[in-house]
Amino acid sequence: APNPDSGVTKVNAGVIAIVDTAPIHLGKAKGFFTEQKIDLTITPVQGGAAAVSGAVSGQFQFAFANTTSLLTAKQQGLDVKVVANGVSSTGEQGKDFSAVLVEPDSPIKTAKDLAGRKISVNQLKNIGDTTVRASVRNAGGDPTGIEFVELPFPDAPAALQGGRVDAIWVVEPFVSQAISQGARPVAWNFADAAANLTVAMYFTTGRTDPELTKRFTAAMRKSLEYADAHPDEVREVLKTYTKIAPDVIAKIYLPKWPVEVNKESVQTIADLAVADGVLKEKIDVSALVP
Amino acid sequence: MIRTRLGYGLAGLGALLVLMEAVPRLGLVDERFLPPASRILSALAGQLATDELWIALGETMRGWAVGLALAFCAAVVTGVLIGIVPGLRALTSSTIEFLRPIPSVALVPLATLLFGPSLGSTLLLVVYASFWQVLIQVLYGVAAVDSVASDTARSYGLSAWSRVRHLVWPTALPYVMTGLRLAAAVAFILAVTAELVIGSPGLGAEIQVAQSSGAVPAVYALIVVAGLVGIGVNAAVRLLERRVLAWHPAVRAEVAA
Amino acid sequence: MRVVRLLALPALLVLVWWAVSGSSFYLPSPAAVGRAFAETWFSERLADDVLPSVGRLLAGYALAGVLGVGLGVPIGLSRRLRATLEPVLEFFRAIPPPVLVPLIMLLAGIDTPMKVLVIVSGCVWPILLNTVEGVRALDEVLADTCRMYGVRGPSRMRSFVLPGAGPQIMTGLRQALSIGIILMVISEMFASSSGLGFTIVLFQRQFQIAEMWSGILLLGLLGLGLSALFRRVERRVLSWYYGSGAARA
Amino acid sequence: MLEISSLNKVYESPGRRVEAIGSITFDVGAGELVCVVGPSGCGKTTLLRCVAGLLPASGGEVRLDGVPVTGPPPRMAVVFQEYGRSLFPWMTVRQNVELPLKEKRVPAGRRRELVDDSLRAVGLSDDADAHPWQLSGGMQQRVAIARAVAYEPQVLLMDEPFAAVDAQTRADLEDLILRLWRELEVTTLFVTHDIDEAVYLGQRVVVLSSSPTTIMEDLKIDLPPERDQLTTRSLPRFGELRGHVYRQIQAARGER
Amino acid sequence: MLEISSLNKVYESPGRRVEAIGSITFDVGAGELVCVVGPSGCGKTTLLRCVAGLLPASGGEVRLDGVPVTGPPPRMAVVFQEYGRSLFPWMTVRQNVELPLKEKRVPAGRRRELVDDSLRAVGLSDDADAHPWQLSGGMQQRVAIARAVAYEPQVLLMDEPFAAVDAQTRADLEDLILRLWRELEVTTLFVTHDIDEAVYLGQRVVVLSSSPTTIMEDLKIDLPPERDQLTTRSLPRFGELRGHVYRQIQAARGER
Ligand SMILES: Nc1ncnc2c1ncn2[C@@H]1O[C@H](COP(=O)(O)OP(=O)(O)OP(=O)(O)O)[C@@H](O)[C@H]1O
Ligand SMILES: Nc1ncnc2c1ncn2[C@@H]1O[C@H](COP(=O)(O)OP(=O)(O)OP(=O)(O)O)[C@@H](O)[C@H]1O
Ligand SMILES: [Mg+2]
Ligand SMILES: [Mg+2]
């Protein structure tokens, strides 16, 4: 609630502590939120589902979740509304923050070869398997036979090396880490799925004051813009809220942080999700992203 | 006596350390995924020097202690009541057996809904999980009352409260102690897990951040912290046991030797 | 009468639930959950998700039983062994299964063996601890009787140690049963694409809340069924204990 | 005072049915001391437990002061045959003896006195702070007796209370019980295997048959009320009674 | 056969130190039957447990056939004073008696025979399939005796084995022990509170003083070797010996 004395509003944001959310940390450090009279607390959450339930239950005024999670929540009738872009794919093959990796001596050479293989994703029926299927489809393969298994990103490289799975989908810092240890990328699934794919977004629920939302959006936009323009500062801020080793931080591919949500790409994901059975029916993205 | 026990205990831990050092060094598993003990310990030393770890540990221990105390008291009272009031056991048994296997993790949505990422959520999960551990032990302990002893109490007209205090409770105590040891660990595990899953601040949150940053030695260092806490808690309960169960054959034998 | 006693409290609880439900998205009404239950579990899910999970649960539980009793007996019998191993065991006992899973995955892969091991890693503790304490508390006069009549080795185990510690071992096994179910869910939160626990977690993440609660309901029912089974076995195994008035249950 | 009428008790468990007591009827007057003897396994303990209200009878009933006994009546003390199991191992000897007194709300000073007196009477003053498991069998049994004595009961039930003590201690304890009985007019039911003891202590001796148990004989002991270990036991009548009871028990055993 | 030399035993626990046995020295020849009597709590059980190798002595030593006893020697049977606790509640009477025989690898046929014989001897043939807790105190004690008898030991230690049975049964069991002893030449150490019993059974009676325990007297019983409940007990010499032992015990108790 707004504090009548100072006009400063206390805000609690549920945000997962990964590379993708650097802007909000950077923005907070730069005082962009204070400028908007927002006293921001960033609470680390474990994933999209936790962020959504935290927001719905009123614990968070704003939170960060990936596109598919938000689409699913919307379809289940939860009152979620996007307030700002979260993170986007660079769209460049070989230079994105998300990739499908295989062992160096694997017979899998291209995305097409992934058909019929066992691939790990961090969560089933989410953005990972949808985009990996898209990669395979784009390369001319048949994604229906792929066996996806759930593995948290941190455990995936070990499973790959141990031969437990044929390929893994991971995001930074695990992409750089695995590649430096010999793993070979065969697909850049975010880049494949849609041009300039919006991977995740900041959102709120109906109960948040629209005026506050406006201020948060403004601060967030400024943060995104700043982060996108200052990769070195991003790498610095990563050291404050993650435990990624400094030498890794120096090497990782940073994502893009455009200010605007790429609605088209969200719609693409929504349509792919329906085709893959992740979503039950077609969904109109404008209801989610105003 | 205590000193030789300590000696044996340290020997056991030493053996574990050697094993943890050898397994990665011999290439049985990849060092990158399971670093040798020396690396873990040096990471631990680094962590111990930071305030963060101690603050996180403090948070976790607070949730642990409060949750454990709540669960323990509630379970003991409930267990004794169910155990001695005729008919109550039959009335509650199906419900208990139904509720017991519900994983605390499944209550995460409920917890976040009610309390969000705060101490409240942690407490809900901790209390829920450790309550059953103590309760079952108390139920079995109460059932273990010797029939002759119980007849004695009845024939001398001991009131219900005196029977609980002087007969039921001492008989159940060894079971309760095991329950306390079980619950202490479960409470700690749930405190960490709650932080891990919900993200309330504490050791679990630290582990979660370390994991998603791919900082393997740091993850293991934090796990070691958890293990050390476990050893400490157990030692404390054992000490307590020596005091309150001095009359018990098992403890008697230990003290005498 | 028996049925009334068994059902009175659950019925009351459902009423309470019914009264408080509806206020929130996360607390659907009993009717909604019932509907979801019928739709969700009376389908091929039963064979695809539930049965394999229960199979793993039973395998893990059995393994934990063998391990817990097998380790607990020597630890309970030997003071020296106990002093040596206790800190190590306490160390592992305090590690939350979710963080132990990656380590188990390193050693056992990501398939069924891993999941069974995760179940074992949680179930074994109550069995182990109770066995140790049960063995420690064996009656001294009986122990002396065994020594006098030269009852040693396996026969001592069979005719003295195991039955003597029986009541407490059973306590541990009873505890482990529900912990096993919990661990079954946790094990399926990793490296899975099917299973009862996985399905529940998936429902949770997909905000299919009624379905999620129906899964929890199923877990509870599973626990109820297994514990009824357990009770029958226990009454058989410990008939002397409940008959002797050494215990009143 | 205590009326036992057509008492019957059957133990039933899967695969085993034992009629421990066929049918027993007898009275114990207020302030009377009745000894019960009978062959091993004939149902003496069972009888006592029914009288104490610890075991529901299968048939017939027990009345105390005209009221049917359904649970342990107040102001009753029992010394169990399984003396070892009836002491609480987590309490010291003193605490074991004191507990029922506390329950009776005896004031602390008087309590102390009673405990000390009774422990002295059974010869355990020095062991008041030991735990029961630190004592010999006979000492444990004496603690159980001291507990009953200190309680100053109106009804006293004793099940072979001197089985584990030596002859001399036994004689002392017999006199202790006699004194207690006389001073407080305690209605006493005393189970024993020692025929001399039964005749020496009892105003009446009830001889039970072997199972299914009935009363073989309800014998009035017509010895002078003032009894003394030396003189009473050397009375010719004592010898006669003793011989009579002995023959009865032998007959009881012979029957089966 | 059995040499006990300057045996000393002190129980030490925080806050309590009891010298249960001061110093005891005596021998039991092969095939001899020695009875031990003494006041309650004087250390008889302690002595027996030291002899059985169940309790380490604090001083002195026990030798069996010249070999120091450090643990329970083979072919030794014990009847414990706590008979109730020495039976396995999860086994039937038969299984309890049979267990040591199985351990001894007695062939099944012979085992059956031994078990049936010994149960018949103690009068429990009908209760072979009952569990110990379904039996009366005296019956439990007889199971423990049957177990020892069936075992056919070389050395037999008995701690007040007839405390819970009636007079007639006791007489029968006494004769059972005498028969066993004579037939198998079992070296027997027999603790009892009953002076008549000690004199009736023993070739020697060892009288212990009250604690700190020493030997008051080691009395040779010069009664004819063939003993019989009626004739032996009515011998004048029996009465003399009995009186002598009685006086000794009284002196032992007086000392403290
Ligand atoms: N809990 C029980 N379950 C089944 N049968 C029992 C139980 N208790 C006693 N009995 C049986 O009842 C009968 C009488 O037992 P009780 O203990 O009353 O005998 P008792 O006269 O006290 O014998 P003793 O002098 O040996 O103590 C015995 O045959 C015994 O087997
Ligand atoms: N476990 C023990 N711890 C401490 N003291 C003990 C223990 N067992 C026996 N004592 C003490 O040792 C002394 C002798 O005990 P013991 O049991 O040998 O006597 P006993 O001659 O068998 O007596 P009884 O005829 O009453 O059975 C007693 O004073 C007793 O208090
Ligand atoms: Mg009896
Ligand atoms: Mg003794």
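Protein sequence lines correspond, in order, to chains A, B, C, D and E. Heads up: the first sequence begins at 302 in my numbering, then just goes up one per residue. Heads up: the second sequence begins at 199 in my numbering, then just goes up one per residue. Heads up: the third sequence begins at 50 in my numbering, then just goes up one per residue. Heads up: the fourth sequence begins at -4 in my numbering, then just goes up one per residue. Heads up: the fifth sequence begins at -4 in my numbering, then just goes up one per residue. All C-beta atoms in this analysis are idealised placements derived from N, C-alpha and C, irrespective of residue type, glycine included.
Within the same chain, and ignoring the five residues on either side of F454/A in sequence, the residues whose Cβ sits closer than 8 Å to its Cβ are N423, V471, V472 and F475.
When C-alpha distances from S1/D are compared across P9/D, R11/D, I16/D and L28/D, the shortest belongs to I16/D.
With a cutoff of 8 Å, G133/D counts as near ligand 4, since its C-beta is closer than that to a heavy atom of the ligand. Counting only residues of its own chain and dropping the five nearest sequence neighbours on each side, E93/E has a CB closer than 7 Å to the CB of R106 and V110.
Distances taken from the Cβ of A159/E to the heavy atoms of ligand 3 include one shorter than 8 Å. S8/E is bridged by DSSP to R11/E. Under DSSP, E56/D forms a beta bridge with S0/D. Shortest gap from the CB of H188/E to any heavy atom of ligand 2: under 8 Å. With a cut-off of 8 Å on Cβ pairs, the stretch 175 to 191 of chain C is in contact with the stretch 371 to 387 of chain B, counting three or more such pairs. Distance from G328/A to A520/A at the Cβ level is roughly 6 Å; contact confirmed, criterion being Cβ atoms closer than 8 Å.
By the Cβ neighbour-count rule, P147/C is buried, with 16 or more other Cβ atoms within 10 Å of its own. Taking the C-beta atoms as reference points, V150/C is found nearer than 9 Å to F239/C.
Linking D321/A to D340/A through their CA atoms gives a straight-line distance of about 22 Å. DSSP, read as helix, strand or coil, puts D154/D in strand. Judged by beta-carbon spacing, G79/E lies within the 9 Å limit of G132/E, meaning their Cβ atoms are closer than that value. Contact residues of the stretch 538 to 572 of chain A toward chain B are Y542, T543, K544, I545, A546 and V549 (C-beta to C-beta distance below 8 Å).
Listed along the chain, the chain B residues whose CB falls inside 7 Å of the CB of I153/C amount to none; the nearest CB is some 11 Å away. Per DSSP, S421/A is one residue of the beta strand (DSSP E) stretching across K419 to V422. The stretch 119 to 128 of chain E and the stretch 73 to 90 of chain E touch, with no fewer than 3 CB-CB distances between them shorter than 8 Å.
Look at the beta carbons and you see the stretch 227 to 246 of chain E not touching the stretch 55 to 63 of chain E: under three pairs across the two are nearer than 8 Å. Within the DSSP bridge table, the entry for N386/A names M502/A as partners.
In the three-state DSSP reduction, C271/B falls in the helix class (H, G or I).
Sequence-ordered contacts of the stretch -1 to 16 of chain E with chain D read Y6, S8, G10, R11 and V13 [C-beta pairs closer than 8 Å]. Shortest gap from the CB of W128/D to any heavy atom of ligand 2: under 8 Å. Under the 9 Å criterion on CB atoms, T505/A is classed as non-interfacial with respect to chain C. Take the alpha-carbon of L178/C and the one of S170/C: they are about 13 Å apart. In this structure, L401/B lies away from T293/B, with their beta-carbon atoms at least 9 Å apart. Out of K4/E, E192/E and Y146/E, the CA that lies nearest to the CA of C30/E is found in E192/E. A direct Cα-Cα distance of roughly 28 Å separates S243/C from V324/B. The alpha-carbon of G225/B is positioned some 44 Å away from that of T373/A. Per DSSP, V32/E is one residue of the beta strand (DSSP E) stretching across L28 to V32. In the DSSP assignment, W262/C falls outside any beta strand (DSSP E) and within the unbroken alpha helix (DSSP H) covering I258 to V286. Taking the Cα of I244/E as reference, the smallest distance to any Cα among W128/E, L214/E and G118/E is reached at L214/E. In terms of side-chain proximity, the C-beta atom of D154/D is found nearer than 8 Å to a non-hydrogen atom of ligand 3.
Every unbroken stretch of the alpha helix (DSSP H) spanning 4 or more residues and falling wholly within the stretch 111 to 146 of chain E is given here in chain order: 132 to 145. Using a CB distance cut-off of 9 Å, E77/D counts as an interface residue toward chain E.
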